[in-house]
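Asker:
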Amino acid sequence: MTGVFAVAPALPLHTAGPYVAAAYIVFVALILIYVAIMARKQRRTERELAQLRRDLHLPDQVRPADERAPEGRPQTELPQERIA
Amino acid sequence: MTSYGRGLRGLSVATIATITVALALVFFYAPLDANQGFIQKIFYIHVPLAIVALCGFVVGGLLAIAHLRTGDRKWDLRSYVAIHMALIFGVGGLITGSIWAKASWGHWWVWSDPTLVSFLIVMLLFATYQPLRFSIEDPERQARYASVFAIVAGAFVPLNFIAVRMAQGVVHPRVLTLTGGRLPGSMGLTFAVSLLGIALLYATLWNYEIAAKRARMQLRRLRRAALGDDAAGALGRSAAPS
Amino acid sequence: MRATFAVLAKDLRLELRTFETLPAMVLFSLSTFVIFHFALGRSAVGGQLAAGILTVTLLFAALLGAGRLFVAEREQGGFDAFLLAPVDRTSLLAAKAAAMFLFLALLEVVAVPAFGVLLLGPALGPRLPGLIAVLALADLALAVIGTLVSAIAIHTRARDMISPIIGLPLLLPALIASARAAAPVFSVHGSGAPPGKWLLILALYDVVFALIAYAVFDFLLED
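This is the structure we're talking about:
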């Protein structure tokens, strides 16, 4: 054990500083990258939610049940409050 | 429907507080290491990252056991997120370890250090987790096979460490042995707080990721219910549990 | 037990009739020896290098064979037939691992003498007993983990790629142990016995992974 440290003498502060800084920057950068990726996913979720609202014509307060349903699919009635 | 990210706020606050305290302790309280000097400060970020990553892999395996036992897919989601987060933490552990190796031995990579090498092997194994999931189409089978993989790989973690350690002499700077024996009290305290901070960070991100995934799953379900099955299919296949 | 032998007999008969897997593994190993000769620029190797070349070659050949292990089952509905039969599911694991072990043993009957002729500097003859002990334990690890990985990969789209990328890291400890155990056997200065430490590790690895495979294999068949 001591043999290892004999090969690796203590670095003076001005040499060691950048390495220590780099290690902590890596840590912060990883978190930031993660947050950025999650933010992108969040935006996608929002976009899909908006799309869903458009598809269901939700911005109109009352949805006329007859003609707004996309054709060719069995229409499923969703209670408004579950989506809003 | 339960709320997304329940308890996330408390967890986040605790994480931020602990990490702040840990950083303060690292740079203003812990003494300089007698042998390594300032460079030893990397130890307070590198070792907790690596330990938390390894524990995350093992926890992923345990959660996978729960999935196979109960057949409840929520355990698969938890296991998936545990491994996913552990991979991210593991990358951090590898990079910081590499920086430390460069600073103290002059090389970015040191084969003579069994801990570093076995960590790399574990990372290589778990890096195949997502490709494996991705290449199984049927969601039910994907969950089951991923759990089998997680159990096997989780059990592999300690085995691998034993095997690699025996293959090489112990060269890792054992600033902290597993018993913590030779560490001065102040450094031990700093390390413990750092470890706690990283573990809390892991828990926070795990929770956050689960909340995000569940929100997306719910969105997909709503789409399917409202627009029919083909609308939801357009979102594409994913390696994540669905 | 009877189911295990039935499946094993089926696999061996299939191999005897088609000669699909074993000749490919043998040819692959021989080509790899040639490749090592040119890549290393050495006509005779010994010690750790010889042990490494032999174990790596066998490892890759084993992965090649493992990739074929469940193909017949998948393509011809053997999985369904097996699940319908009132037998213990782990008998399939046992049968496949046994088949894999036999394939590896037969491969080595050809590949090890070929290695001795083509690449090995020191004489092979006196080294055989020690080598057989190492290879038997290594084959067990290759057979068990190869079967497990193959069973995981068989239902994936990219199975030809999935099984080696999962298998290689899982087999690394076994590779370490067998390469270290075989090194003194191939030593240029007279043959030494394989170190008991590494044989023990290899044996423990075999046992632990056999137990793990036994525990999880059921879930790979459920449908």
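Residue numbers (the working numbering), protein chains in the order written: chain D, 1 to 84; chain S, 1001 to 1242; chain R, 2001 to 2223.
Just so you know, even glycine gets a beta-carbon here, dropped at the ideal spot from N, CA and C.
Since this is a predicted model, take the numbers as computed values, not measurements.
Using a threshold of 8 Å, state whether the C-beta atoms of R/L2170 and S/F1126 are closer than that.
Answerer: Translated into the one-based positions of the third sequence, residue 2170 of chain R becomes position 170. Translated into the one-based positions of the second sequence, residue 1126 of chain S becomes position 126. No; because the gap between Cβ atoms is not below 8 Å, this pair is not in contact.
Asker: Give the DSSP-derived three-state secondary structure of S/L1189 in the structure shown.
Answerer: Here residue 1189 of chain S corresponds to residue number 189 of the second sequence, with the count starting at 1. Three-state DSSP puts S/L1189 in a helix.
Asker: For S/Y1004, name the three-state secondary structure that DSSP assigns.
Answerer: Here residue 1004 of chain S is taken as the residue at index 4 of the second sequence, counted from 1. Correct three-state label for S/Y1004: coil.
Asker: Taking the alpha-carbon positions, what's the S/R1224 to D/R53 distance?
Answerer: In the second sequence, counting from the first residue as 1, residue 1224 of chain S sits at position 224. In the first sequence, counting from the first residue as 1, residue 53 of chain D sits at position 53. In a straight line, the C-alpha of S/R1224 is about 13 Å away from that of D/R53.
Asker: Is it buried or exposed for S/W1111, if we count other Cβ within 10 angstroms and need 16 for buried?
Answerer: One-based indexing of the second sequence puts residue 1111 of chain S at position 111. Exposed: under 16 other Cβ atoms inside 10 Å.
Asker: Drop a sphere of 10 angstroms on the beta-carbon of R/S2031, count the other beta-carbons inside from all chains shown, and report buried for 16 or more, exposed for fewer.
Answerer: In the third sequence, counting from the first residue as 1, residue 2031 of chain R sits at position 31. Exposed.
Asker: Quick check: the Cα distance between S/L1159 and S/L1094, rounded to an integer number of angstroms?
Answerer: On the second sequence, residue 1159 of chain S is found 159 positions in, with the first residue counted as 1. On the second sequence, residue 1094 of chain S is found 94 positions in, with the first residue counted as 1. Distance between the alpha carbons of S/L1159 and S/L1094 is about 19 Å.
Asker: Spatial neighbours of S/L1008 within its chain, please: CB distance less than 8 Å, with the 5 preceding and 5 following residues excluded, ordered by chain position.
Answerer: As a working note, residue 1008 of chain S is residue 8 in the second sequence. Answer for S/L1008: T1204, N1207, Y1208, A1211, listed in chain order.
Asker: Between S/P1031 and chain R, is there a C-beta pair that is closer than 8 Å?
Answerer: Sequence index remark: in the second sequence, residue 1031 of chain S carries index 31 (1-based). Chain R contact via Cβ: absent.
Asker: Whether or not the stretch 1143–1156 of chain S and the stretch 1056–1063 of chain S are in contact is what I'm after, with contact meaning three or more pairs of Cβ atoms, one per stretch, closer than 8 Å; do they touch?
Answerer: Counting Cβ pairs under 8 Å, three or more are found: they touch.
Asker: Should S/I1136 be flagged as near chain R, meaning a C-beta pair shorter than 8 Å?
Answerer: As a first step, residue 1136 of chain S must be located in the second sequence, where it is residue number 136. At least one chain R Cβ lies under 8 Å of S/I1136.
Asker: Name the chain R residues that come within less than 7 Å of S/R1141, Cβ to Cβ?
Answerer: In the second sequence, counting from the first residue as 1, residue 1141 of chain S sits at position 141. The contacting residues are H2155.
Asker: Do S/A1022 and S/V1193 count as a contact pair if the criterion is CB distance below 8 Å?
Answerer: The residue labelled residue 1193 of chain S in the question sits at position 193 within the second sequence. The residue labelled residue 1022 of chain S in the question sits at position 22 within the second sequence. A contact, by the Cβ cut-off of 8 Å.
Asker: Run through the stretch 1044–1108 of chain S for me and flag every whole alpha helix (DSSP H) of 4 or more residues, listed as ranges in chain order.
Answerer: Segments of the alpha helix (DSSP H) lying fully in the stretch 1044–1108 of chain S: 1073–1105.
Asker: S/W1100 touches chain D at which residues, Cβ-Cβ below 8 Å?
Answerer: For the purposes of this step, residue 1100 of chain S is taken as residue 100 along the second sequence, with counting starting at 1. Those within 8 Å of S/W1100 in chain D are Y19, A23.
Asker: Identify the contact partners of S/Y1080 in chain R, using a Cβ-Cβ distance below 8 Å as the criterion.
Answerer: On the second sequence, position 80 is the one that residue 1080 of chain S refers to. By Cβ distance, chain R contributes nothing, its closest Cβ being about 16 Å from S/Y1080, past 8 Å.
Asker: Have a look at S/L1176 and S/L1011 and give me their C-alpha separation to the nearest angstrom.
Answerer: In the second sequence, counting from the first residue as 1, residue 1176 of chain S sits at position 176. In the second sequence, counting from the first residue as 1, residue 1011 of chain S sits at position 11. The predicted model places S/L1176 with a pLDDT of 46, which falls under 50 and marks its position as unreliable; any figure quoted below should be read in that light. Between S/L1176 and S/L1011, the C-alpha separation is close to 28 Å.
Asker: Determine the chain S residues that contact D/L32 at a beta-carbon separation under 8 Å, and present them in chain order.
Answerer: Along the first sequence, one-based indexing puts residue 32 of chain D at 32. Within chain S, no residue comes near D/L32; the closest Cβ sits about 12 Å away, beyond 8 Å.
Asker: Ordered along the chain, which non-local residues of its own chain (more than five positions away) have a Cβ less than 6 Å from that of R/P2122?
Answerer: Residue mapping note: residue 2122 of chain R aligns to position 122 of the third sequence, counting from 1. Closer than 6 Å at the Cβ level, and outside the excluded window around R/P2122, lie G2046, V2188.
Asker: Is it true that the CB of R/L2202 sits closer than 8 Å to the CB of R/S2178?
Answerer: Position 178 of the third sequence, counting from 1, holds the residue named residue 2178 of chain R. Position 202 of the third sequence, counting from 1, holds the residue named residue 2202 of chain R. Yes, these two residues count as a Cβ contact at 8 Å.
Asker: Check this for me: beta carbons of R/V2007 and R/L2092, under 8 Å apart or not?
Answerer: Translated into the one-based positions of the third sequence, residue 2007 of chain R becomes position 7. Translated into the one-based positions of the third sequence, residue 2092 of chain R becomes position 92. Yes; because the gap between Cβ atoms is below 8 Å, this pair is in contact.
Asker: Could you check the C-alpha separation between S/G1185 and S/A1050 for me, to the nearest Å?
Answerer: Working through the second sequence from its first residue, we reach residue 1185 of chain S at position 185. Working through the second sequence from its first residue, we reach residue 1050 of chain S at position 50. Spanning the two alpha carbons is a distance of roughly 22 Å.
Asker: At 7 Å on the CB atoms, spell out the chain A contacts of D/A16, in chain order.
Answerer: Absent from the structure is chain A; the protein chains it does hold are D, S and R.
Asker: Is D/R73 helix, strand or coil by DSSP?
Answerer: Sequence index remark: in the first sequence, residue 73 of chain D carries index 73 (1-based). Summary for D/R73: the model assigns pLDDT 44, below 50, so the residue's position carries little reliability; its value from the coordinates is reported in the next sentence. DSSP places D/R73 in coil when its eight states are reduced to three.
Asker: Is the beta carbon of S/Y1202 closer than 8 Å to that of S/G1056?
Answerer: One-based indexing of the second sequence puts residue 1056 of chain S at position 56. One-based indexing of the second sequence puts residue 1202 of chain S at position 202. Yes. Within cutoff.
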